[in-house]
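Undergrad: So the sequence shown is numbered by the numbering used here: it starts at 576 and just counts up by one.
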Amino acid sequence: DGPIFRTASGRPWRWCGASAFVLPMRWCNGEDITPVLDELRALGVNTLRCFLQHKFMLWPEIVEWVTPIDRVRPFVDFLAQHGFDVELTILCDCENDTGDGYVGFNQSHDWQVARVRDVLAAVATAPNVFAEIGNEPPNNGCDVQRIAQDLGLFDATNRPVPMALGLYPITGHEPNFPVLDYVGDHPPREAMTWIDDMGKIGVNVL
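1. Could you give the DSSP three-state label for leucine 781: helix, strand or coil?
2. Roughly how many angstroms lie between the CA atoms of leucine 666 and proline 610, to the nearest whole one?
3. Going by DSSP in three states, proline 737 sits in which element: helix, strand or coil?
4. Glycine 716: which of His629, Arg581 and Phe596 sits nearest, CA to CA?
5. Within 10 angstroms of the Cβ of isoleucine 637, are there 16 or more other Cβ atoms? Answer buried if so, exposed if not.
6. Which word fits leucine 612, buried or exposed, when buried means at least 16 other C-beta atoms lie within 10 angstroms of its C-beta?
7. Looking only at its own chain, which residues have a Cβ that is under 8 Å from the Cβ of leucine 615, when we skip the five neighbours before and after it?
8. Would you decide whether leucine 586 is buried or exposed? Buried here means 16 or more other CB atoms lie within 10 Å of its CB.
9. Relative to the alpha-carbon of methionine 600, which residue among Leu627, Asn621, Leu618 and Gly577 has its alpha-carbon at the smallest distance?
10. Extract the residue ranges of the beta strand (DSSP E) inside the segment 649-727, only unbroken runs of 3 or more that lie entirely within it.
The structure is reproduced here in structure tokens:
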């Protein structure tokens, strides 16, 4: 509702999120993640940001992970049962050349479009899902605006859940900044004080 998230009853709702990037992989691999969820809930977290694919998240170990499409909906339903909303970042590490000698997934634009389409179809009726098309698109080999255009996502009636492109930063680009339903901005942070800086802008990182 403009700048305010509201629940189904119309009550204002505040996003209090935590990064839980590899949680889908851990859950799909059979790990009991309930202790993690219990700790996050105790800290006041209500939303988890999770990556549905990644290759470099366990650096320096390189572990390729793409969440099987038939596990996406059970995963978000599991989080709902534990009282959490979830922001699914659909695409990450799609690039071929990372620029530092490592090779990403090298996923084609057509593959990416199909993947976003399949994930949105899987979560279309889930009440606890936000979806971000790509993580840090300029660095992750995904043209999120083109994907959104190909899927007709700039038409709100085609978005089954609240969605973000993944583009940032907003500051200095406000008049023409492309937006779906919300923006996951990455405000500037100092290299040595980023944890304190994140706290000041109201984001929890765990």
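All residues carry an ideal CB built from backbone N, CA and C; glycine is no exception.
TA: On the basis of the data shown:
1. Mapped onto the sequence shown, residue 781 falls at position 206. In this predicted model, leucine 781 has a pLDDT of only 32, less than 50, meaning its place in the structure is not dependable; the value taken from the coordinates is given anyway. Note: leucine 781 maps to coil in three-state DSSP.
2. Here the question's residue 666 lines up with position 91 in the sequence shown. Here the question's residue 610 lines up with position 35 in the sequence shown. Rounded to the nearest angstrom, the two C-alpha atoms are 27 Å apart.
3. For the purposes of this step, residue 737 is taken as residue 162 along the sequence shown, with counting starting at 1. Three-state DSSP puts proline 737 in coil, outside helix and strand.
4. Stepping through the sequence shown from its first residue, residue 716 is reached at position 141. Selected option, being the one with the closest Cα: His629.
5. The residue given as residue 637 occupies position 62 in the sequence shown. A residue is called buried when at least 16 other Cβ atoms come within 10 angstroms of its Cβ; isoleucine 637 does not meet this threshold and is exposed.
6. Counted from its first residue, the sequence shown places residue 612 at position 37. By the neighbour-count rule (16 or more Cβ atoms within 10 Å), leucine 612 is buried.
7. Taking the sequence shown and counting its residues from 1, one reaches residue 615 at position 40. Answer for leucine 615: Ala593, Ala595, Leu623, Phe659 and Leu781, listed in chain order.
8. Walking along the sequence shown from the start, residue 586 turns up at place 11. The question names leucine, but residue 586 in the sequence shown is arginine. Per the 10 Å Cβ criterion, exposed.
9. Translated into the one-based positions of the sequence shown, residue 600 becomes position 25. Check the Cα spacing between methionine 600 and each of Leu627, Asn621, Leu618 and Gly577: the tightest is with Leu627.
10. Qualifying beta strand (DSSP E) stretches, in chain order: 660-666 and 704-709.
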